[in-house]
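Read the structure below first, then the notes.
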Amino acid sequence: MQPFALNYARPAVELEATTPYVYDTGLQLNVTMDGRIAAGDSALLRELGTTTSTAGSKTHFDD
Amino acid sequence: MTVLILTCEEDVTADMVVVHLNASGVPVVRLDPADLPGAVALSGEYVHGAFRGHLQSAGRLVSISGLRSIWVRRPGIPATRAPDPSDWLTEESSQALYGMLRGSDARWMNHPDAARRARHKPWQLRLAQRCGLPVPATLITSFPQAAREFAERYPDLVVKPVSGAHPQDPPRAVPTSRVAPDTDFSAVAFGPTLLQRRVAKRADIRLTVVGERMLAARKTADEADEVDVRFASADVPWQATEVPPRIATAVGAYLRAAELTYGAFDFAEDADGTWWFLECNQSGQFGFVEVETGQPIARAVADWLASPGTEPSSQVNGASSTVR
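Sequences listed follow chains A and B, in order.
Residue numbering for the first sequence follows my numbering, beginning at 1 and increasing consecutively.
Residue numbering for the second sequence follows my numbering, beginning at 1001 and increasing consecutively.
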């Protein structure tokens, strides 16, 4: 009774559980452990894939 | 006047926009509806024919009448991080927050009612057709026989979820996938199935539209690649590209009809250079495009949020105020 589309499903790849930055409520920005603005570090963002189109798919359709 | 951003804390793509707003000296309040009640609080009174409302988050207090724009980025579901969450409390919190915000004069990116409608892929396909965008032959059906007949007419097919959602129990991904020629379509009876003629693409196109600004990026593909660019190799970079005038006109018409101020369009470019419409994500990610191409998408979003322009009132009728 499995819907047709689910014949093509594959296990979800979860993002790393931990990211090397934390949200700063004062700045309203995520900052790295050494105090830099995470959004200003393109290499970091590329490496983590946190801005890619599969990020956030668990709760949001629009990726 | 303040820009209100509704998103989760870990949303670094929103950070990219906040940085620009900060540099421009535009006041920003960022909050996650998941924290209402708790870290986020609200109050609004309707007295003597007037409304006065306020939101508070992380020590910031903002008047709802003082909002210039509202960016619905990646908000959590209201009340899900409340001390004692429940479906009832979610609905109460959602009605209170989004109900008050709906009454403001702020500009939306995107309005929740327009966003909800725009998530429906069948609706997207029809609107794209009406706006003159090339749409690959598509069938959405729960009739196995209809699927078989479609496969005879279009032997090279892909299947993708109608909703774009991924099953969570257990967590799985359902990428756009090729359908083998001798496939048994019996299981089509067990759920509406979206089949589409595969576009033999030479590139994927992501066209990000922010207000009137259109920023397109192109990623070369080859036959060995995954059909679904989200799961393709990251070795080939996205590169900025020009938007064909005909596409720009059609996309503009699409967004006006959809009452969207932001849209991330996915196209497949075939060997003739035709851009085939696949979908429009009303809240599609853009950080990965900006990181790779250097296109100023975050700045464009910040500029739009900060600008004083006025938008026409929405004509969309929403059935529920819960934004999920």
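Built from N, CA and C at the ideal position, the CB exists for glycine as well.
Predicted model only: the values in this text are computed from it and were never measured.
### Message
Can you pull the chain A neighbours of B/R1172, defined as C-beta to C-beta under 7 Å?
### Response
To locate residue 1172 of chain B, count along the second sequence from 1; it is residue 172. At a C-beta separation below 7 Å, B/R1172 has these neighbours in chain A: A9, R10, P11 and A12.
### Query
Taking the continuous alpha helix (DSSP H) assigned at B/G1076, which residues delimit it?
Stepping through the second sequence from its first residue, residue 1076 of chain B is reached at position 76. From DSSP, B/G1076 is part of no alpha helix (DSSP H); its letter is neither H nor E.
### Query
Going by other Cβ atoms of all chains shown within 10 Å of its Cβ, with 16 needed for buried, is B/H1048 buried or exposed?
Numbered from 1 along the second sequence, position 48 holds the residue referred to as residue 1048 of chain B. Classification for B/H1048: exposed.
### Task
Return the CA-CA distance between B/Q1095 and B/E1149, expressed in angstroms with no decimal places.
By 1-based counting over the second sequence, the position of residue 1095 of chain B is 95. By 1-based counting over the second sequence, the position of residue 1149 of chain B is 149. Whole-angstrom Cα-Cα distance: 46 Å.
### Query
What residues from chain E crowd round B/V1018, counting only those whose CB sits closer than 7 Å?
Any reference to chain E falls outside this structure, whose protein chains are A and B.
### Task
Give a yes or no on contact between the segment 1250-1261 of chain B and the segment 1128-1136 of chain B, applying the rule of three or more CB pairs nearer than 8 Å.
In short, these stretches touch, since the Cβ pair count reaches three.
### Segment limits, beta strand (DSSP E) that includes B/V1291
Locating residue 1291 of chain B in the second sequence gives position 291, counting from the first residue. In this chain, B/V1291 is not harboured by any beta strand (DSSP E); it is covered by the alpha helix (DSSP H) spanning G1287 to T1293.
### Message
Does A/R10 pass the burial test, meaning 16 or more other C-beta atoms within 10 Å, or should it be called exposed?
### Response
In the first sequence, residue 10 of chain A corresponds to position 10, counting from 1. Counting Cβ neighbours within 10 Å, A/R10 comes out exposed, since fewer than 16 surround it.
### Query
If we ignore side chains and look at the alpha-carbon of each, how far apart do A/M33 and B/E1092 end up?
To locate residue 33 of chain A, count along the first sequence from 1; it is residue 33. To locate residue 1092 of chain B, count along the second sequence from 1; it is residue 92. Whole-angstrom Cα-Cα distance: 37 Å.
### Task
Reducing DSSP to helix, strand and coil, say where B/R1119 ends up.
Along the second sequence, read from residue 1 onward, the residue named residue 1119 of chain B stands at position 119. In the three-state reduction of the DSSP assignment, B/R1119 falls in the coil class, being assigned neither a helical nor a strand state.
### Task
Since I believe B/V1291 is in contact with A/S42 (beta carbons under 8 Å), could you give me their beta-carbon distance rounded to a whole number of angstroms?
As a working note, residue 42 of chain A is residue 42 in the first sequence. As a working note, residue 1291 of chain B is residue 291 in the second sequence. Yes, A/S42 and B/V1291 are in contact; Cβ-Cβ is about 5 Å, under 8 Å.
### Query
Between which two residues does the alpha helix (DSSP H) carrying A/S42 extend?
Here residue 42 of chain A corresponds to residue number 42 of the first sequence, with the count starting at 1. Element bounds for A/S42: S42 to L48.
### Query
Quick one: does B/S1177 have its CB under 8 Å from some CB of chain A?
For the purposes of this step, residue 1177 of chain B is identified with residue 177 of the second sequence, where counting begins at 1. It does; some Cβ of chain A falls within 8 Å.
#### Entry: Neighbour list for A/T19 in chain B, Cβ cutoff strictly below 9 Å
Within the first sequence, numbered from 1, the residue matching residue 19 of chain A stands at position 19. Neighbours of A/T19 on chain B, chain order: E1010 and V1012.
### Query
What residues in the segment 1073-1089 of chain B have a beta carbon less than 7 Å from any beta carbon of chain A?
Listed in sequence order: R1074.
### Query
Under 9 Å Cβ-Cβ, which residues of chain A neighbour B/H1054?
In the second sequence, residue 1054 of chain B corresponds to position 54, counting from 1. What B/H1054 touches in chain A: nothing, since even the nearest Cβ is about 18 Å away.
### Query
Taking the continuous alpha helix (DSSP H) assigned at B/T1249, which residues delimit it?
What you label residue 1249 of chain B is simply residue 249 of the second sequence in a count that begins at 1. P1245 to A1258 is the extent of the alpha helix (DSSP H) around B/T1249.
### Task
Please name the residue, chosen from B/N1022, B/D1087 and B/V1062, that lies closest to B/A1034 on a Cα-to-Cα basis.
By 1-based counting over the second sequence, the position of residue 1034 of chain B is 34. Comparing Cα positions, the closest option is B/D1087.
#### Entry: Nearest-angstrom Cβ-Cβ length linking B/P1112 and B/V1162, presumed shorter than 8 Å
One-based indexing of the second sequence puts residue 1112 of chain B at position 112. One-based indexing of the second sequence puts residue 1162 of chain B at position 162. No, B/P1112 and B/V1162 are not in contact; Cβ-Cβ is about 21 Å, not under 8 Å.
### Message
Between which residues of its own chain and A/H60 is the CB-CB distance below 8 Å, once the five residues before and five after are set aside?
### Response
What you label residue 60 of chain A is simply residue 60 of the first sequence in a count that begins at 1. In this predicted model, A/H60 has a pLDDT of only 43, less than 50, meaning its place in the structure is not dependable; the value taken from the coordinates is given anyway. Around A/H60: no qualifying Cβ.
### Query
So is A/M33 in contact with chain B if we call contact Cβ pairs under 8 Å?
What you label residue 33 of chain A is simply residue 33 of the first sequence in a count that begins at 1. With 8 Å as the cut-off, A/M33 does not count as an interface residue toward chain B.
### Query
Alpha carbon to alpha carbon, how far is B/V1158 from A/F4?
The count along the second sequence starts at 1 and reaches residue 1158 of chain B at position 158. The count along the first sequence starts at 1 and reaches residue 4 of chain A at position 4. About 12 Å.
### Query
For A/G56, which of helix, strand or coil comes out of DSSP?
Working through the first sequence from its first residue, we reach residue 56 of chain A at position 56. Only weak support is given to the placement of A/G56: the predicted model assigns it a pLDDT of 41, under 50, and the value that follows is read from those uncertain coordinates. Per DSSP, reduced to three states, the secondary structure at A/G56 is coil, with no helix or strand assignment.
### Query
Which stretch, first to last residue, makes up the alpha helix (DSSP H) that contains B/S1024?
If you number the second sequence from 1, residue 1024 of chain B lands on position 24. Residues V1012 to S1024.
### Message
Can you give me the C-alpha to C-alpha distance between B/G1252 and B/A1302, rounded to a whole angstrom?
### Response
As a first step, residue 1252 of chain B is located in the second sequence; it is residue number 252 there, counting from the start. As a first step, residue 1302 of chain B is located in the second sequence; it is residue number 302 there, counting from the start. Going by the C-alpha atoms only, they are around 20 Å apart.
#### Entry: Limits of the unbroken beta strand (DSSP E) element including B/M1100
One-based indexing of the second sequence puts residue 1100 of chain B at position 100. That residue, B/M1100, is in no beta strand (DSSP E); its alpha helix (DSSP H) goes D1087 to R1102.
### Query
Taking the C-alpha atoms as reference points, what is the distance between B/A1118 and B/L1127?
Here the question's residue 1118 of chain B lines up with position 118 in the second sequence. Here the question's residue 1127 of chain B lines up with position 127 in the second sequence. Those two C-alpha atoms are separated by around 10 Å.
### Query
DSSP on B/F1143, reduced to helix/strand/coil?
The residue you call residue 1143 of chain B lines up with position 143 of the second sequence. If DSSP states are grouped into helix, strand and coil, B/F1143 belongs with coil.
### Message
I want to know whether the segment 1048-1063 of chain B touches the segment 1006-1015 of chain B - three or more CB-CB distances under 8 Å.
### Response
No: fewer than three Cβ pairs fall under 8 Å.
### Query
Between the beta-carbon of B/A1300 and the beta-carbon of B/V1210, is there less than 8 Å?
The count along the second sequence starts at 1 and reaches residue 1300 of chain B at position 300. The count along the second sequence starts at 1 and reaches residue 1210 of chain B at position 210. The Cβ atoms of B/A1300 and B/V1210 lie closer than 8 Å to each other.
### Cβ-based burial, B/G1263 [other Cβ within 10 Å; buried from 16]
Along the second sequence, one-based indexing puts residue 1263 of chain B at 263. That one is buried.
### Message
I want to see whether chain A comes within less than 8 Å of B/A1187, judged by CB atoms only; does it?
### Response
The residue you call residue 1187 of chain B lines up with position 187 of the second sequence. For B/A1187, the nearest CB of chain A lies under 8 Å from its own CB, placing it at the interface with that chain.
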